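Numbering (full-length UniProt numbering), first residue to last: 1 to 227.
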């Protein structure tokens with residue numbers, strides 16, 4: 001008898017939509033104000049990483065040490081988020097990545113539960129602007145997650161909320177830290193992107209257009225037979 005997953009857990013940035021550019025522009029504006037040079041190459045390190053960890057990495061780029069109190073760092077992260085919120089006002093359903101609308105529809109029609117596991121505290125707002133909220137049975141509240149990716153907590157929180165065993169879950173991620181989190185949760189990991197960064201995924205596609213729902217079900221079944 002075929003073994004099907006009971007829950008798909010999606011990352012947001014790079015899987016459903018790509019707000020990485022907005023995050024970069026917001027961090028760049030803050031870094032410029034602090035006199036810290038960052039570029040797009042450095043920004044790759046911030047993908048899948050939560051806000052405070054991202055800030056620490058940026059502060060680590062300063063040419064001379066900058067000593068901020070925890071309260072001051074919270075203020076800086078809040079300022080960055082304000083810049084980001086201004087930028088994402090432009091988001092609408094046209095920002096859904098290619099193939100994701102059809103993939104979500106196939107997921108919904110299958111009866112398999114759907115959750116969002118994002119490090120973004122703005123995830124629910126972005127889903128609303130993309131007009132995709134109705135697809136999701138559960139949205140992880142990033143503000144309640146104590147350990148960011150690559151810790152598995154973001155993914156296990158979704159499974160726990162829906163009372164689904166971790167081994168019955170599929171996690172879809174575009175970041176190395178995210179794929180590691182899915183793997184550490186004991187879930188089936190689907191990577192979207194470059195083999196150089198995501199070779200540890202159980203199944204890998206180059207971009208969202210290559211995501212095929214039935215193919216992932218087949219790969220999940222094969223993986224579970226072998227384990």
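For every residue, glycine included, the Cβ atom is placed at its ideal position computed from N, Cα and C.
Computed from a predicted structure; not experimentally measured.
With distances taken between CB atoms, is the gap from residue i to residue j smaller than 7 Å?
i	j	result
residue 26	residue 58	no
residue 171	residue 16	no
residue 114	residue 128	no
residue 177	residue 150	yes
residue 126	residue 7	no
Relative to the C-alpha of residue i, which candidate in the options has its C-alpha closest?
i	options	result
residue 222	131, 208, 203 and 210	203
residue 200	208, 210, 173 and 216	173
residue 179	40, 109 and 47	47
If you drop the 5 nearest sequence neighbours on each side, which residues of the same chain put their C-beta closer than 7 Å to that of residue i?
i	result
residue 38	27, 28, 31, 58 and 61
residue 74	none
residue 145	153, 154 and 157
residue 87	22, 25 and 26
residue 77	51, 52 and 55
residue 205	192 and 211
residue 79	30
To the nearest angstrom, report how far apart residue i and residue j are at their CA atoms.
i	j	result
residue 1	residue 212	The pLDDT assigned to residue 1 is 48, lower than 50, so where the model puts this residue is not dependable; a value taken from the coordinates is nonetheless given after this. Each residue's alpha carbon lies about 21 Å from the other.
residue 225	residue 186	15 Å
residue 92	residue 19	12 Å
residue 216	residue 182	15 Å
residue 107	residue 219	15 Å
residue 143	residue 121	6 Å
residue 198	residue 140	23 Å
residue 5	residue 166	10 Å
residue 134	residue 40	34 Å
residue 132	residue 159	20 Å
residue 65	residue 49	22 Å
residue 68	residue 147	22 Å
residue 95	residue 124	15 Å
residue 161	residue 214	25 Å
residue 12	residue 70	28 Å
residue 72	residue 117	28 Å
residue 45	residue 175	9 Å
residue 3	residue 33	53 Å
residue 231	residue 36	This structure cannot speak to residue 231, because the chain is shown only from 1 to 227.
residue 111	residue 188	18 Å
residue 63	residue 196	30 Å
residue 14	residue 169	20 Å
residue 89	residue 227	45 Å
Using a Cβ-Cβ cut-off of 6 Å (strictly less than) and excluding sequence neighbours within five positions of residue i, which residues of its own chain qualify?
i	result
residue 43	24
residue 99	208, 209 and 211
I'd like the list of long-range same chain contacts for residue i, defined as Cβ closer than 8 Å, with 5 residues on each side in sequence excluded.
i	result
residue 184	150, 151 and 152
residue 130	16, 17, 91, 92, 93, 95 and 96
Q: Could you tell me whether the region 44-54 touches the region 94-111, using the rule of 3 or more Cβ pairs below 8 Å?
A: no
Q. Is the region 78-96 touching the region 192-201 in the sense that three or more CB pairs, one from each, lie closer than 8 Å?
A. no
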